[in-house]
Structure formats: structure tokens, C-alpha cells
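Residue numbers (the numbering used here): 959 to 1146.
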């Protein structure tokens, strides 16, 4: 059995008077399950990612082809340790949100248009060239943005290995966030 997609994200859970921030793991085997059927849902703190992944391995999951994450602390490292052949893709949308967090409103439209040239490039070399162009324009004002993209590039550029038709499915965790919202409503 091959697990096709593994997504880790964060949610807040209300417990009496407390709000607990926890990580949420959702795994799907698109080959055998219906599109919205969940193979496994587990709520853990980030230090337990390795145990969760080992649990999947003990349940006969042989390999994870692509793990789409929103860059939860320790998640990518745990995936690499337990399933070393896995391609890890950090969510581009989350990276964009983090990139725009401290950008002045008057700059946001132009800055995002320049970043769009990076993640919508035809191939990885073109994307890196677009990132260089972005840095040339914006590093004086916002140096941390291109630095963050470069530091995370190994896991931000995984989707370039795949045909263009599949990239939109791979480069974001947003495809299942609707399910996560429904789950949050159920547990709040």
C-alpha cells in the first residue's frame, strides 16, 4: 500500500477555558479511498510527528511519495527519518502568507506579482532566476523574504519535478483545508 499524500497543519482546540494549539496530521491514499475519505487523522504536538509516522509505517504504509506540509516544526525532519524516499513540498500559499506578513500595503500588489513569477515559473531554473530578480528589486526594503525562500527552497521547489497539471495539487495544502475547517467546527 502506498500513501499518496500526507498533510500536516495546525488547529486550535477549545478545552473548557483553554485553547490548545495542536498539530493535525491527515493522510490520504487517493488511489484506494474516495476523494474526501480520510485514512488517518491524528492530533499531536509537533514532538510526536516521528511516532505518528512510525505508527503509519507499522500499519503497513510502505512509502509516502509526496508529503505536502505547511512547514510545521519537526514534521519534515520526521518524514525524512521515517520515510527517507519521500518528496517533501512545503505549501507555497503558507510561504506567501509568511512573506507578506510585514509588507506595507502599498507594496503588497507589486511584491506578490514578483513572487508569482517565482512559483509559477516553467521550471526550477527559471524560478531561481525569478527569485534572483525578486531579490534585486525587494531585498533593500524586505531582505528576509528572499532569504526565507532560499532557506526553504529544497522543500518549496519539489513540485517542479512533476508535470504542470499536477503542480497545483502538490504545491499547497489548501486542497484539504476545507476538511480541516469542518473538523475544527466539530471539535470546538
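Glycine included, each C-beta is placed from N, C-alpha and C at the ideal position. Quick caveat, the model's predicted, so the values are computed rather than measured.
Length of the line joining the Cα atoms of residue i and residue j
{"i": "residue 1061", "j": "residue 1044", "result": "34 Å"}
{"i": "residue 1081", "j": "residue 1029", "result": "22 Å"}
{"i": "residue 1101", "j": "residue 1093", "result": "8 Å"}
{"i": "residue 1121", "j": "residue 1083", "result": "15 Å"}
{"i": "residue 1069", "j": "residue 1115", "result": "19 Å"}
{"i": "residue 1031", "j": "residue 1079", "result": "28 Å"}
{"i": "residue 1054", "j": "residue 1075", "result": "12 Å"}
{"i": "residue 1099", "j": "residue 1020", "result": "46 Å"}
{"i": "residue 1052", "j": "residue 1018", "result": "31 Å"}
{"i": "residue 1187", "j": "residue 1041", "result": "Nothing can be reported for residue 1187, as the shown portion of the chain is limited to 959 through 1146."}
{"i": "residue 1063", "j": "residue 1117", "result": "30 Å"}
{"i": "residue 1009", "j": "residue 1119", "result": "29 Å"}
{"i": "residue 923", "j": "residue 1073", "result": "Limits of the chain in this structure are 959 at one end and 1146 at the other, which puts residue 923 out of reach."}
{"i": "residue 1077", "j": "residue 1071", "result": "10 Å"}
Contact under 8 Å by Cβ, residue i with residue j
{"i": "residue 1058", "j": "residue 1113", "result": "no"}
{"i": "residue 1111", "j": "residue 1103", "result": "no"}
{"i": "residue 1130", "j": "residue 1066", "result": "no"}
{"i": "residue 1038", "j": "residue 1007", "result": "no"}
Check: Do the segment 1005-1022 and the segment 1081-1099 make contact, defined as three or more Cβ pairs closer than 8 Å?
Finding: Touching, no.
Checklist line | Stretch-stretch touch, CB-based, cutoff 8 Å, three pairs: the segment 1096-1107 with the segment 1118-1130 | finding: Contact fails: fewer than three Cβ-Cβ distances are below 8 Å.
Checklist line | 3 or more residues per run - each beta strand (DSSP E) lying fully within the segment 1021-1072 | finding: Taken in chain order, the complete beta strand (DSSP E) segments of 3 residues or longer contained in the segment 1021-1072 are 1021-1027 and 1045-1048.
Check: Would you call the segment 1046-1061 and the segment 1018-1027 in contact, with 3 or more CB pairs under 8 Å?
Finding: The segment 1046-1061 is in contact with the segment 1018-1027.
Note to self: I'd like the ranges of any alpha helix (DSSP H) spanning at least 4 consecutive residues and lying wholly in the segment 1069-1134.
What the structure shows: With a minimum length of 4 residues, the continuous alpha helix (DSSP H) runs that stay inside the segment 1069-1134 are 1082-1096, 1101-1109, 1111-1114 and 1122-1128.
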